[in-house]
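The structure appears below as structure tokens.
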Amino acid sequence: MLMVTQFYWMVRKDLVSEYRARQVWPAMLMLGTLVSFLFSAQLDGVVEGRSRIVGMLVWLAIYFAGILAMHRTFAMEQEDDCWDALRLYPVTASWIYLAKFTVNFLTLATLQVVVLGLFVVFSNVPLLDHPLRMLTVALLGNVGLTSVGTLLGGVWTENRQGSTMLAFLTLPLAAPVLLAASEATRLVIDQEGGPLWWRWLSFLVVFSIVFVTAGIVLFELLIED
Amino acid sequence: MQRSDLKIVSARWLTWLVTGLLVAALGMAMRVAPMEQSMGQVQRILYIHVSVAWLGLMGFAVMGVCAMLYLLHRNMAWNRWSQAANEVGWLCSSLTLFTGSIWAHAAWGTWWTWDPRLTTSLLLWALYSSCLILRGSIQESHRSARITSSLALLGLIDLPLVIMATRWFRGIHPTSPEMEPVMHFTLLLNVIGFTLFFSLLFLRRLRQLQTDNLLRKLELEALVNHPYPPLSAAGG
Amino acid sequence: MSLFVITYVVFWLAVALYVIRLGSQQRRLQDRLLALQSQLQMPER
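Chains as they are written, first to last, in the numbering used here: chain W, 6 to 230; chain X, 154 to 389; chain A, 42 to 86.
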């Protein structure tokens, strides 16, 4: 019970400080908006294979804007020795990982709502004709990306070199999620359910389980002493 | 200490054995093994391609395990193992992509297809490369080692998932085609020869990294106890 | 020249480049050792 309270306060602290300072979310949402806008503008001339391209572009926009936020959740702890204070908090590193994971999950979910909405409006692709299916894919893709991004964000924790390095470190690891999520999104757009869709979905589930578990187990090992 | 002391203490006979094996493997692959009927001479690429492909995977496993050992003990010695494996493994992985691409061109008329194994080896190469770039880009040694090791370890966890994901795209990569006994033997000889050869390169690189570390310590010590000539001359 | 010969040549060229790099690294290490040696032969302060 105590753990849950402490977990709640760790999540709350990040959300409150973001609400007060507005350091990350505006920049992230703006980047997501602009990228979606530009992608959709170029998509205008494409007639065939639209769904396949949109599937990937949606996830690329989410990935690149989202990694910016994931980098900040740990980088902000570097200022004024916040990280040392957080480590002194009487919880194991796994709980810190879970708290950061939750914050990143919420951040990415907000971004997803904006990006998906913009793609529906701008690109004229029926992304939301099966809202429940799209929601499932979005949630699982979010968990997959966030688990990897949070883990590497905690490892990286560097203000100076910025999020560029983190984006490039995470991409090879997150590539399976991006591939699976875009394939699943394409199948949602093409309204093809069936075994193939379920297979990609189960892959996303497996990936999420593996990396969330890896985060909980390994986080203590990977972060700075 | 003499100049020769620094030379790698590697058994001469081992070097000769590996050279002999490689020459034999090369001869078998180029001349003795029969020509494959449908693909012709180009099929002979297979012998080196399979060898480096296997070594690329092996190297990644070695790198990942050594990275984990570093993270557990925070001992730079393991990081040196992991770095040597990273460099040699990256070379093997790049050569796999190169030879594979030429094979693809000859066999399927295209330089690249998004076949499961091709995608997997491309991502493997990307992971190798990010680790390699990372090692060079961070100055502070323990920080560099920690981040690189984390990436290598997570990459090792990621790899089965990559294989799983890419399996579901339909594949055209041959798994284990039927071969004549001579071809089989040639392949085996190549794999063994290259494994030994790249292991030697790995050990040599490892020894260099160890020597570098030792020299660094000694240089620092010497700088404290024996200042450079101009300094000592001025100071008397 | 057949494609497979070119492949073999490029393959070994790449390996040779790495071996040459190892060799130059080795020479640098030896030079550092010699410098260290001559430094240690100076009288101690």
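Every residue gets a Cβ at the ideal spot worked out from N, C-alpha and C, and that includes glycine. Computed from a predicted model, the values in this text were never measured in an experiment.
List the residues of chain W that V315 of chain X touches, going by C-beta distances under 8 angstroms, in chain order. A180, P181
Leaving out the 5 sequence neighbours to the left and right, which residues in its chain are closer than 7 angstroms to L91 of chain W when beta-carbon positions are compared? E82, I101
Assign Q361 of chain X to buried or exposed, taking buried as 16 or more other Cβ atoms, counted over all protein chains shown, within 10 Å of its Cβ. buried
Distance cutoff 9 angstroms, beta carbons only. Does A387 of chain X sit that close to anything in chain A? Its pLDDT being 46, under 50, A387 of chain X is placed unreliably by the model, and the measurement read from it follows with that caveat. Not an interface residue.
Are any of the Cβ atoms in chain W nearer than 9 angstroms to that of D268 of chain X? no
According to DSSP, is G220 of chain W helix, strand or coil? helix
Quick one, which of W:A80, W:V130, W:L150 has its alpha-carbon nearest D49 of chain W's? W:V130
Pull the bridge partners of E189 of chain X from the DSSP assignment, please. X:G193
Cβ-Cβ separation, L304 of chain X to L174 of chain W (assumed contact under 8 angstroms), whole Å: 6 angstroms
If you measure from the beta carbon of A257 of chain X to each beta carbon in chain W, is any gap under 9 angstroms? no
Can you list, in chain order, the residues of the region 191 to 206 of chain X whose Cβ is nearer than 7 angstroms to any Cβ on chain B? The chain inventory of the structure shown lacks chain B, comprising the protein chains W, X and A.
Measure the alpha-carbon distance for V9 of chain W versus A98 of chain W and round it to whole angstroms. 14 angstroms
W207 of chain X (DSSP reduced to helix, strand or coil): helix
Nonlocal neighbours in the same chain, by C-beta distance under 8 angstroms from W256 of chain X, ignoring five residues either side: V195, I198, L199, H202
Rounding to the nearest angstrom, what Cα-Cα distance links E293 of chain X and I300 of chain X in this structure? 11 angstroms
Using C-beta distances below 7 angstroms, list every residue in its chain close to L183 of chain W, excluding the 5 sequence neighbours before and after it, in chain order. W64, Y68
With a Cβ-Cβ cutoff of 9 angstroms, do A186 of chain W and L209 of chain W count as a contact? yes
Where A260 of chain X and Y49 of chain A are concerned, what is the direct C-alpha to C-alpha distance, given to the nearest angstrom? 17 angstroms
Same chain only: Cβ atoms within 6 angstroms of F355 of chain X, ignoring 5 sequence neighbours per side: A237, V241
Could you tell me the boundaries of the alpha helix (DSSP H) in which R138 of chain W lies? 136 to 161
Given 8 angstroms as the limit, is there contact between the region 308 to 318 of chain X and the region 207 to 220 of chain X, that is, 3 or more CB pairs closer than that? yes
Span of the alpha helix (DSSP H) around G262 of chain X: That residue, G262 of chain X, is in no alpha helix (DSSP H); it is neither H nor E in DSSP.
Going by Cα to Cα distance, which pick from W:S22, W:A32, W:R57, W:M6 is closest to E197 of chain W? W:R57
Between E374 of chain X and the rest of its own chain, which residues show a CB-CB distance below 8 angstroms, the 5 nearest in sequence each way excluded? none
Determine the burial state of K370 of chain X: buried for a count of at least 16 other Cβ atoms within 10 Å of its Cβ, exposed for fewer. exposed
Taking the alpha carbon of L150 of chain W as the reference point, which residue from W:L113, W:F12, W:R27 has its own alpha carbon closest? W:L113
Report yes or no: do three or more beta-carbon pairs, one from the region 270 to 280 of chain X and one from the region 222 to 237 of chain X, lie closer than 8 angstroms? no
In three-state terms, what does DSSP make of V56 of chain A? helix
Looking at the C-beta of W161 of chain W, does it have a partner C-beta in chain X at a distance below 9 angstroms? yes
So if I threshold CB-CB distances at 8 angstroms, which residues from the region 331 to 365 of chain X count as touching chain A? L354, R357, R358, Q361, T364, D365
Does the separation of the CB atoms of F79 of chain W and G159 of chain W fall below 9 angstroms? yes
Contact belief for L156 of chain W with G220 of chain W at Cβ below 8 angstroms, rounded distance in angstroms: 5 angstroms
Alpha-carbon spacing of L271 of chain X relative to L250 of chain X, whole angstroms: 8 angstroms
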